[in-house]
Amino acid sequence: ILQPTYCPYYVKFMKLLIVNKININEIITEKCTAFSEIVKNDSSKETVVEGKNGRNSAYDEFCNVLKEKKRKAGYSQFIGELFKNGLIPLEILIENMEIFIGNIEDLLLTISKCEEALIRASTGVISEDFSKEKAVLEDNLICVCKLFETVRHTEFKRFKENLILIKNSKYLSKRLKFMLLDIIEKKF
23 ILQPTYCPYY
33 VKFMKLLIVN
43 KININEIITE
53 KCTAFSEIVK
63 NDSSKETVVE
73 GKNGRNSAYD
83 EFCNVLKEKK
93 RKAGYSQFIG
103 ELFKNGLIPL
113 EILIENMEIF
123 IGNIEDLLLT
133 ISKCEEALIR
143 ASTGVISEDF
153 SKEKAVLEDN
163 LICVCKLFET
173 VRHTEFKRFK
183 ENLILIKNSK
193 YLSKRLKFML
203 LDIIEKKF
């Protein structure tokens, strides 16, 4: 999963196992459920990396954040590949998409409310940077985009309005807005 390039091959291997009467449905369900739980609980998770001499290492933390982001994107692609090959039902795919979009909308609302409170409480200068929330927001957007890139399904049309609203948020970077714009233009 850390190497998203291999996701289609992992799924083909799993299909071969199933064809050869090896029951891996429990493993597939377990992995999908575990990923859903990781994504649901993502915003409350703090990552602290201990470096040499017990200190936090900024570089180690940066590497772990990138690794985690890549793993989440890989899982999203993996779930999409499982669906494309008929190994998981549409409901699991839709559930994951709803979790991602729900997380994104909740995070945007949280950032907005916090920003408004800070503006009211201060002289209009915002001192909080919301970097943790923005990182989780980016992770969820990457997962949504990866699922859309992997799977083309008519059920996804119901998420179009959500994606357009998210794209128009002032809290997204231009890079994330363009990622969403690509998905909206290509998939709908």
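The sequence shown lines up with residues 23 to 210 when you count with my numbering.
Cβ atoms here follow ideal geometry from the backbone N, Cα and C, with glycine treated the same way.
Secondary structure of residue i, DSSP reduced to three states
| i | result |
| --- | --- |
| residue 25 | coil |
| residue 193 | coil |
| residue 210 | coil |
| residue 45 | coil |
| residue 198 | helix |
| residue 109 | coil |
| residue 32 | helix |
Start and end residues, alpha helix (DSSP H) containing residue i
| i | result |
| --- | --- |
| residue 88 | 80 to 106 |
| residue 158 | 153 to 172 |
Anticipated Cβ contact below 8 Å, residue i with residue j, distance rounded
| i | j | result |
| --- | --- | --- |
| residue 117 | residue 172 | Incorrect: roughly 16 Å between the Cβ atoms, too far for contact. |
| residue 122 | residue 165 | 5 Å |
| residue 163 | residue 198 | 5 Å |
| residue 189 | residue 203 | 6 Å |
| residue 40 | residue 49 | Going by Cβ atoms, the distance from residue 40 to residue 49 rounds to 11 Å, so no, they are not a contact pair. |
| residue 98 | residue 169 | 5 Å |
| residue 114 | residue 54 | 5 Å |
| residue 96 | residue 24 | 6 Å |
| residue 107 | residue 37 | 6 Å |
Check: residue i C-beta below 6 Å from any heavy atom of the ligand MG
| i | result |
| --- | --- |
| residue 41 | Questions concerning the ligand MG fall outside what the structure shown contains, since it holds no ligand whatsoever. |
*Do the region 124 to 141 and the region 80 to 96 make contact, defined as three or more Cβ pairs closer than 8 Å?*
Judged by Cβ distances under 8 Å, the region 124 to 141 makes no contact with the region 80 to 96, as fewer than three pairs qualify.
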